[in-house]
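If you number the sequence shown the way this note's numbering does, the last residue is 1322 and the count never jumps. Please read the structure below before turning to the comments.
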Amino acid sequence: MPSIKQVQITFDCADPERVARFWCEVLGYVAPPPPEGFATWDAYNGSLPPEQRGAWFACSDPTGAGPRLYFQRVPEGKAVKNRVHLDVRAGTGLVGEERLAVLRAECARLVALGAVCERVLVADEDNESCIGMRDVEGNEFCLD
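Quick look at the structure:
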């Protein structure tokens, strides 16, 4: 059995490009150039039948280390808690007040991009601090 070499994370959403560009800002990812023969993504989308315009968007880690993120338009809205979520590792290696300060600063940056801060979990005897958040379409993620 061959081993899996890569993984892609797919988001169901209402506005793929908007959500993708949010995650580009969060993670330092980049959007691909428009398809061959098109100067812009708007030009590409304009060439498609109306029902296919803006149906998907993708972005990737410019270093190649992280997974590709793919965003696809679906007709239904988000209704329940995610079964899988991303942990954005902003405080790796930090503890206590130093970690919490870094997480709060990153939280403020992401809120300015359209994210919502749901809850701040302060360190206890078993766990370090983390912040529960939602992206621009309500998908849960954690600052860890």
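Ideal placement from N, C-alpha and C gives every residue a C-beta, glycine not left out.
(message) Measuring alpha carbon to alpha carbon, tell me which residue in 1205, 1222, 1206, 1207 is nearest residue 1213.
(response) 1222
(message) Quick check: is the beta carbon of residue 1286 nearer than 8 Å to any beta carbon in chain B?
(response) The chain labelled as chain B is not found in the depicted structure, where only one protein chain is given.
(request) Could you name the residues of the same chain whose beta carbon sits closer than 6 Å to that of residue 1219, not counting the 5 residues immediately before and after it, in chain order? (result) 1212
(request) Measure the alpha-carbon distance for residue 1200 versus residue 1293 and round it to whole angstroms. (result) 9 Å
(message) Can you tell me whether residue 1198 is buried or exposed? The criterion is at least 16 other CB atoms within 10 Å of its CB, across all chains shown.
(response) buried
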